[in-house]
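Novice: For reference, the structure I am asking about is given below.
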Amino acid sequence: MSHDYDDQNIFARILRGEIPCNKALESEHTFAFHDIQPQAPVHVLVIPKGPYVNADHFAEAASDPEIADFTRAVARVAREAGVAEAAGGNGYRIIANTGPDGRQDVPHFHVHVIGGERLGRMLPQREG
Ligand code: 5GP
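Here the working numbering is used: the first residue of the sequence shown is 2, the next is one more, and so on.
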């Protein structure tokens with residue numbers, strides 16, 4: 002399957018420093034910053050530095066070191082934000098919206114780390 006990466010997407014521009022952001026963390030292969038429209042007291046976006054469109058593309062094309070670094074960075078964000086139970090927090094949610102049905106707006110793979118309060122249900126209840 003082809004995954005055409007648009008290097009003008011907003012997160013690519015943040016990675017290049019063309020658009021400012023409120024940085025949360027940086028590691029060899031991963032960058033994290035606070036969402037501009039937070040949905041909860043903690044809302045951090047974690048992105049690989051590499052050009053991956055979505056979760057599917059990342060899993061397929063990223064190297065093992067990139068995937069390991071990303072996974073650990075997500076956990077570190079949660080600990081440093083104080084929401085991980087290991088850091089005395091009360092838990093959090095990880096979301097990776099993927100593609101049109103997943104309502105992904107920015108075509109650079111990202112995980113939302115959301116917490117700091119009791120969150121609503123994962124999905125609205127279906128009718129009927
Ligand atoms: P998606 O809907 O693609 O899963 O999530 C995209 C997220 O990026 C949204 O939560 C949105 O608020 C956030 N976002 C969009 N543009 C910017 C920006 O320029 N800066 C930051 N920090 N977040 C952004």
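In this text, a Cβ means the ideal position worked out from N, Cα and C, and glycines have one as well.
1) Using a Cβ-Cβ cutoff of less than 7 angstroms, which residues in the same chain neighbour residue 1 once the five nearest sequence positions on both sides are dropped?
2) Go ahead and pull the three-state DSSP assignment for residue 16.
3) Output the distance between the C-alpha atoms of residue 19 and residue 84, rounded to the nearest integer angstrom.
4) Residue 101 to residue 62, Cα distance in whole Å?
5) Kindly identify the DSSP beta-bridge partner or partners of residue 116.
6) Can you find at least 3 beta carbon pairs, one from the segment 52-60 and one from the segment 73-82, that sit closer than 8 angstroms?
7) Is it buried or exposed for residue 124, if we count other Cβ within 10 angstroms and need 16 for buried?
8) Would you call the CB atoms of residue 109 and residue 13 closer than 8 angstroms?
9) Using 8 angstroms as the threshold, is the C-beta distance between residue 70 and residue 28 below it?
10) By Cβ distance below 6 angstroms, which residues in the same chain neighbour residue 52 in space, the five residues on each side in sequence not counted?
11) Taking DSSP as the reference, what is the three-state secondary structure of residue 49?
Specialist: In terms of the structure at hand:
1) As displayed, the chain neither begins before 2 nor continues past 129, which places residue 1 out of reach and without an answer.
2) Numbered from 1 along the sequence shown, position 15 holds the residue referred to as residue 16. In the structure shown, residue 16 sits in a helix (DSSP, three-state: H, G or I).
3) The residue labelled residue 19 in the question sits at position 18 within the sequence shown. The residue labelled residue 84 in the question sits at position 83 within the sequence shown. So the alpha carbons of these two residues sit roughly 30 angstroms apart.
4) Here the question's residue 101 lines up with position 100 in the sequence shown. Here the question's residue 62 lines up with position 61 in the sequence shown. Taking the straight line from one Cα to the other gives about 21 angstroms.
5) Looking up residue 116 in the sequence shown gives position 115. According to DSSP, residue 116 bridges with 43 and 93.
6) The segment 52-60 is not in contact with the segment 73-82.
7) Working through the sequence shown from its first residue, we reach residue 124 at position 123. With fewer than 16 neighbouring CB atoms inside 10 Å of its own CB, residue 124 falls in the exposed class.
8) Here residue 109 refers to the residue found at position 108 when the sequence shown is read from its first residue. Here residue 13 refers to the residue found at position 12 when the sequence shown is read from its first residue. In this structure, residue 13 lies closer than 8 angstroms to residue 109 by Cβ.
9) As a working note, residue 70 is residue 69 in the sequence shown. As a working note, residue 28 is residue 27 in the sequence shown. Result yes, Cβ atoms of residue 70 and residue 28 sit closer than 8 angstroms.
10) The count along the sequence shown starts at 1 and reaches residue 52 at position 51. Within the same chain, residue 52 has close Cβ partners 6.
11) In the sequence shown, the residue the question calls residue 49 occupies position 48. Residue 49 falls in the strand class under three-state DSSP.
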